[in-house]
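Peer 1: First, the structure itself, so that you have it in front of you.
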Amino acid sequence: MKEQLNAMRSNATAELATVTSLSELDAVRIKYLGKKGELTAVLKQMGGLSAEERPIIGQAANDVRQYITDEIEAKTASLKMEGLNARLATESIDVSMPGKRKVLGHRHPLSIVLDEVKDIFMGMGFSIAQGPEVEWDYYNFEALNIPADHPARDTQDTFYITDKMLLRTQTSPCQIRVMETTKPPLRIIAPGRVFRSDAVDATHSPLFHQIEGLVVDEGITMAELKGTLEAFAKRLYGPETKTRFRPHHFPFTEPSCEVDISCFKCGGKGCPMCKNEGWIEILGGGMVHPQVLQNGGIDPVKYSGFAFGIGLERIVMFRFGLDDMRLLYENDIRFLEQF
Amino acid sequence: MYLSKRWLADFVAVKDTDKNFAEALTLSGSKVEGYEVEGSEFENIVVGKIDSIEKHPDADNLWVCSVDIGESTPLQIVTGAQNLTVGDIIPVAKDNSVISGGKRIKAGELRGVKSEGMLCSIAELGLTLHDFPYAVEDGIFILGDDCDKTLGLDIRDAIGLNDTIVEFEITSNRPDCLSVVGLAREVAATYDLPFEVETPVVKNGIENVADYLKVDIEVPETCYRYVGGVVKNARIAPSPRWMRERLRASGVRPINNIVDITNYVMLEYGQPMHAFDLRFLEGNHVIVRNAVAGETITTLDGEERELTSDIMVIADAKKPVAVAGVMGGEYSGIMDDTKTIVFESACFNGPSVRRAAKALGMRTESSSRFEKQLNPDDCNRVLTRALELVQLLDAGDVVSGVVDRYVSPVKANTLPFDPEWTNKFIGINISADKQAKILRRIGFSVENGIVTIPTFRNDVTHQADLSEEIARFYGYNNIPSHALSGIANASLTKRQSFNALLEKLAISSGLSEVQSFSFVSPKDYDKICLPSDSTLRDFVVILNPLGEDTSVMRTSSMPSMLSVLARNYNNRNESALLFELATVYKSNGLEELPDENQELVIGMYGKDTDYYVLKGIIEEILYRCGISDYDITAVTKCPVFHPGRCGKILINEKEVAILGEVHPQVLTNYEIETRAYMACIDVEYLFNIANLERVYKALPKFPATTYDLAFVVEKTLPVLTLQKTIVNASGENLESIELFDVYEGTQVGEGKKSVAFNLKFRSAKRTLTDEECNLAINAAIEAAEGIGAVLRS
Chain A
1 MKEQLNAMRS
11 NATAELATVT
21 SLSELDAVRI
31 KYLGKKGELT
41 AVLKQMGGLS
51 AEERPIIGQA
61 ANDVRQYITD
71 EIEAKTASLK
81 MEGLNARLAT
91 ESIDVSMPGK
101 RKVLGHRHPL
111 SIVLDEVKDI
121 FMGMGFSIAQ
131 GPEVEWDYYN
141 FEALNIPADH
151 PARDTQDTFY
161 ITDKMLLRTQ
171 TSPCQIRVME
181 TTKPPLRIIA
191 PGRVFRSDAV
201 DATHSPLFHQ
211 IEGLVVDEGI
221 TMAELKGTLE
231 AFAKRLYGPE
241 TKTRFRPHHF
251 PFTEPSCEVD
261 ISCFKCGGKG
271 CPMCKNEGWI
281 EILGGGMVHP
291 QVLQNGGIDP
301 VKYSGFAFGI
311 GLERIVMFRF
321 GLDDMRLLYE
331 NDIRFLEQF
Chain B
1001 MYLSKRWLAD
1011 FVAVKDTDKN
1021 FAEALTLSGS
1031 KVEGYEVEGS
1041 EFENIVVGKI
1051 DSIEKHPDAD
1061 NLWVCSVDIG
1071 ESTPLQIVTG
1081 AQNLTVGDII
1091 PVAKDNSVIS
1101 GGKRIKAGEL
1111 RGVKSEGMLC
1121 SIAELGLTLH
1131 DFPYAVEDGI
1141 FILGDDCDKT
1151 LGLDIRDAIG
1161 LNDTIVEFEI
1171 TSNRPDCLSV
1181 VGLAREVAAT
1191 YDLPFEVETP
1201 VVKNGIENVA
1211 DYLKVDIEVP
1221 ETCYRYVGGV
1231 VKNARIAPSP
1241 RWMRERLRAS
1251 GVRPINNIVD
1261 ITNYVMLEYG
1271 QPMHAFDLRF
1281 LEGNHVIVRN
1291 AVAGETITTL
1301 DGEERELTSD
1311 IMVIADAKKP
1321 VAVAGVMGGE
1331 YSGIMDDTKT
1341 IVFESACFNG
1351 PSVRRAAKAL
1361 GMRTESSSRF
1371 EKQLNPDDCN
1381 RVLTRALELV
1391 QLLDAGDVVS
1401 GVVDRYVSPV
1411 KANTLPFDPE
1421 WTNKFIGINI
1431 SADKQAKILR
1441 RIGFSVENGI
1451 VTIPTFRNDV
1461 THQADLSEEI
1471 ARFYGYNNIP
1481 SHALSGIANA
1491 SLTKRQSFNA
1501 LLEKLAISSG
1511 LSEVQSFSFV
1521 SPKDYDKICL
1531 PSDSTLRDFV
1541 VILNPLGEDT
1551 SVMRTSSMPS
1561 MLSVLARNYN
1571 NRNESALLFE
1581 LATVYKSNGL
1591 EELPDENQEL
1601 VIGMYGKDTD
1611 YYVLKGIIEE
1621 ILYRCGISDY
1631 DITAVTKCPV
1641 FHPGRCGKIL
1651 INEKEVAILG
1661 EVHPQVLTNY
1671 EIETRAYMAC
1681 IDVEYLFNIA
1691 NLERVYKALP
1701 KFPATTYDLA
1711 FVVEKTLPVL
1721 TLQKTIVNAS
1731 GENLESIELF
1741 DVYEGTQVGE
1751 GKKSVAFNLK
1761 FRSAKRTLTD
1771 EECNLAINAA
1781 IEAAEGIGAV
1791 LRS
């Protein structure tokens, strides 16, 4: 019987070596280990063995069973792996072919930069206010210290609806509207469309965007104006950005200033971008004129404030290197897709 | 404003580089736009003298000159000019020189004769006969006695083409800085240098001005002062070189001595003057009055203008001779035979001049100065300066005295001197002494706690104005910077967040954002075929538009979107999928501001676009806005859309959106030769009904049962009607229903269609039995049959 078992072991080994599929492997398993298999047949003969021989042969038979079982398991694993490898080999694809893109739309460049500006100011505690685009002359001019026949009206050629109603030429009327409805402390920006009677060319448009800013509180000084606008410039143009404050005139702020930043292209050395000045003007502002506070219903003895206005188109054009403002309103999809 | 630095040196001695000068002035409040050194493009042009002239051996029109330029050997230069004689002093462009326009001159040969340079005409020096009246246009510029004739001298120094011109941007509150004196004061204050303007003096006048001129001001509220002077025996001639070159540097063309004097004084003091011929002043009488309605005047530019009663004129005994502060009449100018001249130095009310100039449509140098409100205190000094210059130039005999009617004297403003207020307002700490010193530098007086503001600075009326004066000379950039302190609540309003959500949804749906103008043409509403009585034609109309294209505020965003689609189509872009969150303006008449509402307008054409792509985007937007219950009905009569391919979405029976394929006629009007689709959503209404609150619902624990049902219905029956019927009958366990097939064809018969749905039933509490599901299905089938549907087996 011992020989029988040894022969079984070597036969099984030989047969397993030639097996190439799982079904052949199953046939081998049934042949040796099945209910009617060869090993079972050997075990059935155990009854005829002596008490001494029985454990020895039993042990030997178990060894053979274990051996064949292990071998079948190993063979199963390797056949499965071969099968998987074969499948993988047939399934290779051209990974360089274009993907199936879910095409998203594009945000308009004006909105992209406006979102950034809003984020910067919201981070400094500014809320966002809005005012009407068709506005009263009172809010757009008179309440801002620009009475009728004031020469400052010349710099803002106005579209009129009636002699009292107009398309706002600036976002500054929002200052008065906010002051009328909200008590200090105030900290707002008011972005929006403004209109001036300028024919369309590369740097002019009868419609463009401004971002008004207004802060009113007790003890606000030009130092807060400077600190706020410097922080804004650094956030928008990078931490290396330097700012320069120049005296200017706006009827509704006093003192007034224009703010230049160091040219982001040449760093201030002078280049065509900054017309060799090293500085680029980005906004105007100043301390809210006490009369304007009063016009907005705020006590100028107790409160002071600062205001500023940023031209959105200008900073968008700088940001993306645009040389023609018209592109922003032509809305050619080939342009929009670049952003 | 162009400032000649040579002229500036009459008043203040500043020593600094041009670059630093520009920066210093810019930072003290007089913004320098740029500066230019005259003649800076010239190289190697010197003064020379013609030693000899010989005819060119091979050319009749050419001359060979020997030119002495102060060097050991003379130059041989060939010229085609015919105006030269031996001994003439002329500009010589040597070998390798640069003349006007950047043109480089090299030695060479002309018809075989060596030429070591070029002799220059006035134009080749970038000048005109106005600069040198004795020069000729078609010949070489022969230097006159007003030039330095040192041979070999740089031509720029010889003819005075070596000034530096600084261009300033002067803001409307500072008309005083539209003058050399005003800017000199700023320069002196900026550099803390002494500054003085000498008082002009007229000596030895003849006769008495009162015998020549009488002045009456009838309108003291708009004409504050009128000062007149008279010059007899006028000797009209070109002005001297120094005056011509200062005018040139200031951008004013020299004409003759009298006209030049009025311009020179205006540039120096900022006050426009007027000179006119006494011959044409009827009755030797100047009357400042308002025009009589219907009165006319022919102005210097040759145009006859009708005047109205609110326009102030300078008149003589019979007729207006000038529109006050704006422009003189045609006979009032200086002519070659003018003998007796009246000089006028007056001061008018700014707004009044501004209104007159605007009404007559003629903005002049004079009106643009007067409208900023000039200083009447200056009139006499200005006139005296002009008469002083007449004597200096020997342009005529000055009659003694002036006629001075100062009817509305200006009062100097005063303000309390409050250094603490300024320190607190600006955020600095400057001593009272230092503040007073700054104010004195710009002509303010500070005495006994009172600041007296000079009358040329009537823009200063408030403590804040004084603070600005102190801040700008202290230096804005020396003021410290502080971050804002305190707590502020910054958050978007719900409405603002909603816009942001819509924009995100639109972009995620593949739409790109556009920005179109808020104003459109009324003709756009013809292009979208709106009937003439449509309320959308009730526009907010711009009184003074740039053109019809931008003359009314849009009442609908659809014309804007169609224009954008058309432009993209015209630019041969294959497809475009676009949206705009657009404001539209609904008129409330002329006494109230219009309503400004927002629309989300979507437009598309080209690859992968059709009605259902558009509708899918809108469904997704509605879903994300938490809106599941809405009706959609076919719209057959909206002229913008295809009558068979347009629907509107109703919520609580109110329209929230319209969508469809654009009507072929509209497409034709926009020259779009492909199908296009457009939708317009009422954002205000959508915001009101949107439900953005989300509450968690437990995930299902029990299995679902699904059924497919197919019905044959009339082709015209909207699928949504059938679907709603099924949903209403299917009971509470219907989890979802989805259309998966619509079929039309011979198998279902003419005029019919087959519609197939997938229904999914599920309960949150238990596994549903077959019996329960079958009951629901049967109820659904019965309800569908109730509206004429036939179940397909």
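If you read the sequences in order, they're chains A and B. Each residue of the first sequence is one higher than the last, beginning at 1 in this note's numbering. Each residue of the second sequence is one higher than the last, beginning at 1001 in this note's numbering. The beta-carbon is built from N, C-alpha and C at its ideal position, and this holds for glycine as well. Given the structure is predicted, the values throughout are model-derived calculations rather than measurements.
#1: With contact counted as at least three CB pairs below 8 Å, one residue from each stretch, are the stretch 1760-1778 of chain B and the stretch 1695-1715 of chain B in contact?
#2: Taking the alpha carbon of B/Thr-1746 as the reference point, which residue from B/Val-1719, B/Lys-1715 and B/Thr-1767 has its own alpha carbon closest?
#3: Would you call the CB atoms of B/Ser-1563 and B/Arg-1554 closer than 8 Å?
#4: Beta carbon of B/Arg-1572, beta carbon of A/Asn-331: below 8 Å?
#5: So, are the CB atoms of B/Leu-1008 and B/Val-1286 less than 8 Å apart?
#6: Measuring alpha carbon to alpha carbon, tell me which residue in B/Arg-1156, B/Gly-1333, B/Gly-1788 and B/Val-1032 is nearest B/Pro-1718.
#7: What does B/Ile-1122 touch in chain A if you count any residue whose Cβ is under 9 Å from its own?
#8: Can you give me the Cβ contacts of B/Ile-1450 inside the same chain, cut-off strictly under 8 Å, excluding the 5 residues immediately before and after it?
#9: Would you decide whether B/Gly-1112 is buried or exposed? Buried here means 16 or more other CB atoms lie within 10 Å of its CB.
#10: Can you find a CB in chain B that lies within less than 8 Å of the CB of A/Leu-207?
#11: Can you give me the Cβ contacts of B/Val-1390 inside the same chain, cut-off strictly under 6 Å, excluding the 5 residues immediately before and after it?
#12: Going by C-alpha to C-alpha distance, which of B/Gly-1070, B/Pro-1133 and B/Ile-1099 sits closest to B/Asp-1145?
#13: How long is the line joining the alpha carbons of B/Ser-1516 and B/Val-1321, rounded to whole angstroms?
#14: If the cut is a Cβ gap below 7 Å, which residues of chain B does A/His-204 touch?
#15: Does any C-beta atom of chain B lie closer than 8 Å to the C-beta of A/Leu-328?
#16: Identify the residues that DSSP records as bridge partners of A/Ser-127: which are they?
#17: Which of the three DSSP states, helix, strand or coil, is assigned to B/Ile-1507?
#18: Less than 8 Å separating the beta-carbons of A/Gly-309 and A/Gly-284?
#19: Between B/Met-1553 and chain A, is the shortest Cβ-Cβ distance under 8 Å, so that the two count as touching?
#20: Taking the DSSP output, what are the residues bridged to B/Thr-1414?
#21: Would the C-beta of B/Arg-1305 count as close to the ligand MG, meaning under 7 Å from any of its heavy atoms?
#22: Flag A/Cys-274 as yes if its beta-carbon sits less than 8 Å from any beta-carbon of chain B, otherwise no.
#23: Taking a cut of 8 Å between CB atoms, which residues from the stretch 1522-1534 of chain B lie near chain A?
#24: In this structure, how does DSSP classify B/Val-1202 when only helix, strand and coil are distinguished?
#25: Can you grab the Cα-Cα spacing for the pair B/Ser-1368 / B/Arg-1354, in whole Å?
#26: Measuring straight from C-alpha to C-alpha, what distance separates B/Ala-1022 and A/Asn-276?
#27: Which same chain residues, not among the five before or five after B/Ala-1432, have their C-beta less than 8 Å away from its C-beta?
#28: What residues in its chain sit with their C-beta under 7 Å from that of B/Leu-1667, if we drop five residues either side in the sequence?
#29: What are the boundary residues of the alpha helix (DSSP H) that includes B/Pro-1643?
#30: Find the residues of chain A that neighbour B/Leu-1590, judging by a C-beta separation of less than 9 Å, and give them in chain order.
#31: Just reading off the alpha helix (DSSP H) that A/Gln-59 is part of, what are its end residues?
#32: Can you name the residues of chain A whose CB is closer than 9 Å to the CB of B/Leu-1027?
#33: Leaving out five residues on either side along the sequence, give the residues of the same chain with a beta carbon under 8 Å from the beta carbon of B/Val-941.
#34: Which bits of chain B does A/Asp-332 rub up against, with CB to CB less than 8 Å?
#35: Consider the Cβ of A/Arg-314: report whether some Cβ of chain B lies at a distance smaller than 8 Å.
#36: Let me confirm a value: B/Trp-1242 is counted as buried when at least 16 other C-beta atoms fall within 10 Å, else exposed. Which label applies?
Peer 2: Short version:
#1: yes
#2: B/Lys-1715
#3: no
#4: no
#5: no
#6: B/Gly-1788
#7: Here the premise fails: no neighbours, minimum Cβ distance about 31 Å.
#8: Thr-1414, Leu-1415, Pro-1416 and Phe-1417
#9: exposed
#10: yes
#11: Val-1231, Gly-1396 and Val-1398
#12: B/Pro-1133
#13: 50 Å
#14: By Cβ distance, chain B contributes nothing, its closest Cβ being about 11 Å from A/His-204, past 7 Å.
#15: yes
#16: A/Ile-188
#17: helix
#18: yes
#19: yes
#20: B/Thr-1452
#21: With respect to the ligand MG, the structure offers nothing, as it holds no ligand at all.
#22: no
#23: none
#24: coil
#25: 8 Å
#26: 13 Å
#27: Phe-1417 and Pro-1419
#28: Ala-1676
#29: No alpha helix (DSSP H) contains B/Pro-1643, which is instead part of the beta strand (DSSP E) from 1641-1651.
#30: Ile-161, Thr-162, Lys-164 and Met-165
#31: 53-90
#32: Arg-244, Phe-245, Arg-246 and Pro-247
#33: Absent from the model: residue 941 of chain B. The displayed extent of chain B is 1001 to 1793, so no value can be given.
#34: Arg-1567, Asn-1568, Asn-1571 and Asn-1573
#35: no
#36: exposed
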